[in-house]
Structures are given as structure tokens and as C-alpha cells.
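There are 2 protein chains.
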Amino acid sequence: MTEVIRSAASLREKVSAWKRSGMLVGVVPTMGALHDGHLSLARAARAQSDRVIVTIFVNPMQFNNPEDLKKYPRDEAHDLALLEAEGVDVLFAPGPEEVYPEGFATKVSVAGVSGPMEGAFRPGHFDGVATVVTKLFGMTQAGRAFFGEKDWQQVQVVERLVRDLNIPIRIIPCPTIREADGLAMSSRNVRLTAEERALAPALHGAMQGAAAAIRGGAPVEAALGEARAAVLAAGFSGVEYLDLRDAETLEVATALDRPARLLAAAVLGEVRLIDNIAV
Amino acid sequence: MTEVIRSAASLREKVSAWKRSGMLVGVVPTMGALHDGHLSLARAARAQSDRVIVTIFVNPMQFNNPEDLKKYPRDEAHDLALLEAEGVDVLFAPGPEEVYPEGFATKVSVAGVSGPMEGAFRPGHFDGVATVVTKLFGMTQAGRAFFGEKDWQQVQVVERLVRDLNIPIRIIPCPTIREADGLAMSSRNVRLTAEERALAPALHGAMQGAAAAIRGGAPVEAALGEARAAVLAAGFSGVEYLDLRDAETLEVATALDRPARLLAAAVLGEVRLIDNIAV
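What follows is the structure, encoded as C-alpha cells:
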């Protein structure tokens, strides 16, 4: 049975008992609308921890776009059934007033890695992420936290934050899970029309093309330009960025002398999709 | 024997062993130059915890004035002897590069309570405090932290921060310790000349006068004005603020319908002194 907990105080009580008996707690922070990507994180947590908490909280502080927040898919009953099947111990699903009670006044900001890409196109997004993640780590007192590499920049922000604030937790990044046609799984994919869904994999396809070209020695800017054009030609209405970046610092990379990552955000109909791959 | 530890990794190892055997860890964060005020905190920690860590770190991030940082008194050998006598288990005294290693990029900010008074006269000060305190709580994993009420506003900022970020620690505020003539103990007092030292208690005296007048029903602004004038007449070169405030929210108070606090900062020679008392 997966126990549903909604208050930080009850969660703390639960976790304290676990920790007193020496258990290692793993946490998977999510915004719900769970798909196989999330479940792969729950499985990793299950394998690497004594007790597993999955959190579901659609964090208003990290949404720069109120429309996106409103339309973000929610289905807790279905999510709970999926977590039961994975043997998750606790679903922690607090309401907004539990996470941000009256008088709440604190913000955690990470400079540097949070600046470009998602940081530039979604102002305030990473302050919201950094703040809620710090809170969830405090509430769960977990020793390990599992994040999907789908949100590569988020992983870098969280790793920076944990190191900088000396939070006693280890971050475990887990590979992106994809549909058979290559589309990265995302809770927002359900908002694509059937037609959009059919052409969505073009983003990943174009990125793979660019990565192969760059690995093969093609000039970086030319390869990226071709990929951007291919995404637009496939039917996306805009490419916010499609960049080659240092995998850790997220600074623009112009060569492959250090581990690099190709990261992109593009708009398809009413949905903004992101993806990233190693180069 | 008080063990001196300088790296966060060694401290974590030490603390993990304590916590595995169920011990409650108390921490007293200081900037060194210890006086009886600090020692009273160490004693409170000793009485209310199984193991006591005193931290000494002159935190550059919380100094808005580089001159004040440079002149801040430092005497670790003497501090250590005092802590030995109090039975403190660990002196954690990291260097700046241990606390803020290359690449450090995270900031914790608390709005509201950190705005007026020290926040207004020392821009950035409370960001520095909030950030380093969050780090020290993460490094020490303490269950209780002891802070002096001498820094009343700081206590409110830290309590807000701990609540807001769900840090699993309890803040224990401890009363201000004073010299026989009423001067609040402060590491900065050693920088007063003999003449300045003799007239320094006038600040506390004027505050007591105002508190008595307000309790007796005098109009608040008149009582505060008189106290400010008295501080200047005593030889202080400036009064940055001498305010009646809500004890918790730190909003300006004009009546005694809620717990109120009188707080002041004034400049004497080259030294800035602060103090506060209940009304």
C-alpha cells in the first residue's frame, strides 16, 4: 500500500521513524501526471533506497506562464495506482497552502547554470524549482533524490544547489525515457493533438542529426542551424533554442573538447517541448 | 577536548556517527571573538543537546562594509580555550574557500522581516546571513541551533527561513548578555576606545527610558524622539534607527496591542552598536 500524506508534519513523523531505524530514504520529486519516465525514477529509487517517497506538487512558483499552470495535467487517482504498482511507500501530495503558507518569504536562487535556455525563456522558473526542491529535501530528509535527465538543466541547477547549500542528499540523474518513435516522455505530451503528436518526434530526430554531424566534424553552428530549420520545416511554430552546451556548466560549446550536450526547446501547437541528448 | 574541524566532509563524518547513535546535535553559529554572550549560548546548547558544535566563520557574504570585515576581531586560539572550558565537542572553523568554493552560485533571500533596520542600513547583509546559516545547518545537521537575542532581527530572519525551507532544526533564541553597566556584549565592543566604552551604555539607558515611557502611556513617537536625542547628546555620532516594532513581523508598532520590541543601531566613534529590548 502506498500511503498518501498531505502535511509536512505527518511526513516528518513518518520519516523520523524510518531514519531512527537506520533506513535510507529516496525521493522522486514530480508534478504528477506520471508517465513511464517518472516510473523509471521510482524504480531506481526502489532499487537504491530502503523507503521511497514520490512527491506530487504542481509548484506554482516555477510556472512563469499562468496558462501553462492552469492547463498542467492532473490525475492523482491514476498516479496513485501507478505508484502502488511500483511499491512506492509514500505519495506526498501537499496542497499549495501547505508548501507556501501565509507569510512565506524565502527564495533560493542559483546563478550561472540557471541563466540561459529555460532560465532565459521562463523567467523565475529556476528560482521556483530551487526553492521547492530545497523545501522538499527538508520535508523528506531523503538521502537520495532521483531526477530525470529530460530536464538536464534542472539537474545541473539542483546539483549546484545541493553542493552550495551543503544539503545532505545525493542527486541521482536517470536517463530520459522515450516513446518508440523517439519523443521524450513528458506530462505535456497529452496536450498534443493527434496530428501534432505524429510530428513531435521530429525534434529528437533533428537533434540526433545535428549530434551525428557534429561528432563527424561538421562546423557546430552549421549543424545547429540545419537542425533548427528541420524542426520548423516539420511543423513546429518556433525553436526557442537548440544549442550545443558544456554538459555541466551549460556554457555555449563550440567544440567537443569537454563533455557536451545538445539541448532544445520548441513550440508545437500550444505545447512547448524540451529535449536534450549527449553529443 | 574540543576537536577543531575545518572541512565540511570531516564534520559530516563526525556528525553522521553521532546521529547514528541517536544523539541530538546542537549548534552555536558565531563569528568568533567570543564573549560571555556566546558562552551563554554554548552553555544552553550543552544543557539541551547531546553533542555541541560551535562554528566560527567570519562570513564575508554578510559584510556590506569591507572595512568592517577587515577590522572584525579574530582570535581563534583564545576562542578555543574558552570553548574547551565549556565542554564544547567540536569547533568547526572552515576557511572561506571551504564555505564558498569556486563555482559557488546560490543565494538564500528572506523578504519581509529582513527589509527594515539592519536590512536597510546593511544592504545584502541578511542574504549573507540566510545563505551561510542554511549552509551551516546543512553541514552540521544539527537538531537545535542557539542564537543570541542581541541580534533580534537576525533571529526573526532565521526563524522565517527555517520554517519556509522546512529545515529540520529548532531555533532557540537566548537572552542578550550585558556588561554590569548595561552595554550589550558584542565582539565589536573591543574596538571602542576607553572613552567611548565609558559612554556606550547610554544607548541601552536611553532605550530603557523610552520603553518605560511607552509602557507608562507616553506617545510612542515622542518617547522615541527623546531617546534618539539622548543617544546623540551622550556622544554617539549618529542614530541609524531607534524604533518600536512588532516583535515578530518587525513592522513599525505604534501601540502595545501586540508583543513589541525596541530596536536600535547607533554609531560611536568607528563602531556601530546595536541593541534591543522588550517593551
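Order-wise, the sequence lines are chains A and B. Here numbering that gives the first Met the number 0 is used: the first residue of the first sequence is 0, the next is one more, and so on. Here numbering that gives the first Met the number 0 is used: the first residue of the second sequence is 0, the next is one more, and so on. Glycine residues also receive a C-beta, built at the ideal position from the N, C-alpha and C atoms.
{"Asked": "Indicate the three-state DSSP secondary structure (helix, strand or coil) for D245/B in the structure shown.", "Found": "strand"}
{"Asked": "Got a sec? Which residues, its chain only, sit under 8 Å from M0/B by beta carbon, not counting five neighbours each side?", "Found": "E83"}
{"Asked": "Can the beta-carbon of R159/A be found less than 8 Å from the beta-carbon of G111/A?", "Found": "yes"}
{"Asked": "When we look at the beta-carbon of A205/A and count the other beta-carbons within 10 Å, is it buried (16 or more) or exposed?", "Found": "buried"}
{"Asked": "Can you list, in chain order, the residues of its chain whose CB lies under 8 Å from that of R45/B, leaving out five sequence neighbours each side?", "Found": "G25, V51, E85, G86 and V87"}
{"Asked": "Could you check which residue in A104/B, N58/B, P122/B and H203/B has the C-alpha nearest to that of V132/B?", "Found": "N58/B"}
{"Asked": "For P172/A, count neighbouring C-beta atoms within 10 Å of its own C-beta (all shown protein chains included) and say buried if the count is 16 or more, exposed if not.", "Found": "buried"}
{"Asked": "Does the stretch 174-190 of chain B come close enough to the stretch 138-147 of chain A to have 3 or more Cβ pairs within less than 8 Å?", "Found": "no"}
{"Asked": "Closest to A16/A by CA distance: which of P28/A, H34/A, V27/A and D49/A is it?", "Found": "D49/A"}
{"Asked": "Tell me which residues share the same chain as A277/B and place their Cβ nearer than 7 Å to its Cβ, disregarding the 5 neighbours each side in the sequence.", "Found": "R260"}
{"Asked": "Check whether the stretch 256-270 of chain A touches the stretch 239-247 of chain A, counting contact only when three or more Cβ pairs, one atom from each stretch, lie closer than 8 Å.", "Found": "yes"}
{"Asked": "Would you call the stretch 69-80 of chain B and the stretch 27-36 of chain B in contact, with 3 or more CB pairs under 8 Å?", "Found": "yes"}
{"Asked": "Quick check: the Cα distance between D180/A and T253/A, rounded to an integer number of angstroms?", "Found": "29 Å"}
{"Asked": "Which residue from R214/B, P65/B and D67/B puts its Cα closest to that of L255/B?", "Found": "R214/B"}
{"Asked": "Runs of 3 residues minimum, wholly inside the stretch 59-99 of chain B: which ones carry the beta strand (DSSP E) assignment?", "Found": "89-91"}
{"Asked": "I need the straight-line Cα distance from F91/B to V107/B, nearest angstrom please.", "Found": "22 Å"}
{"Asked": "Identify whether S108/A lies in helix, strand or coil by the three-state DSSP scheme.", "Found": "strand"}
{"Asked": "Which residues share a DSSP beta bridge with G25/A?", "Found": "V51/A and R143/A"}
{"Asked": "Could you check the C-alpha separation between R5/A and D78/A for me, to the nearest Å?", "Found": "15 Å"}
{"Asked": "Does chain B have any CB closer than 8 Å to the CB of G142/A?", "Found": "no"}
{"Asked": "Is the separation between the beta-carbon of L231/B and that of A209/B shorter than 8 Å?", "Found": "no"}
{"Asked": "Please report the distance separating the alpha-carbon of L191/B from that of E117/B.", "Found": "21 Å"}
{"Asked": "Could you tell me whether the Cβ of L40/B comes closer than 8 Å to any Cβ of chain A?", "Found": "no"}
{"Asked": "Answer yes or no: do F125/B and V156/B have a C-beta to C-beta separation smaller than 8 Å?", "Found": "yes"}
{"Asked": "Can you confirm whether S6/A, when its beta carbon is compared against all beta carbons of chain B, has any partner nearer than 8 Å?", "Found": "no"}
{"Asked": "Any idea what DSSP makes of D163/A, helix, strand or coil?", "Found": "helix"}
{"Asked": "Can you tell me the Cα-Cα spacing of L38/B and L81/B, whole angstroms?", "Found": "8 Å"}
{"Asked": "On the DSSP bridge assignment, give the partners of N275/B in chain order.", "Found": "L262/B"}
{"Asked": "Start and end of the beta strand (DSSP E) containing V3/A?", "Found": "E2 to I4"}
{"Asked": "Measuring straight from C-alpha to C-alpha, what distance separates V189/A and A217/A?", "Found": "36 Å"}
{"Asked": "For L267/B, list the residues DSSP reports as bridge partners.", "Found": "V270/B"}
{"Asked": "What distance in whole Å lies between the Cβ atoms of L164/A and T248/B, which are believed to be in contact at a cut-off of 8 Å?", "Found": "With a Cβ gap of about 26 Å, T248/B and L164/A do not count as contacting."}
{"Asked": "I need the DSSP call for I170/A, collapsed to helix, strand or coil.", "Found": "strand"}
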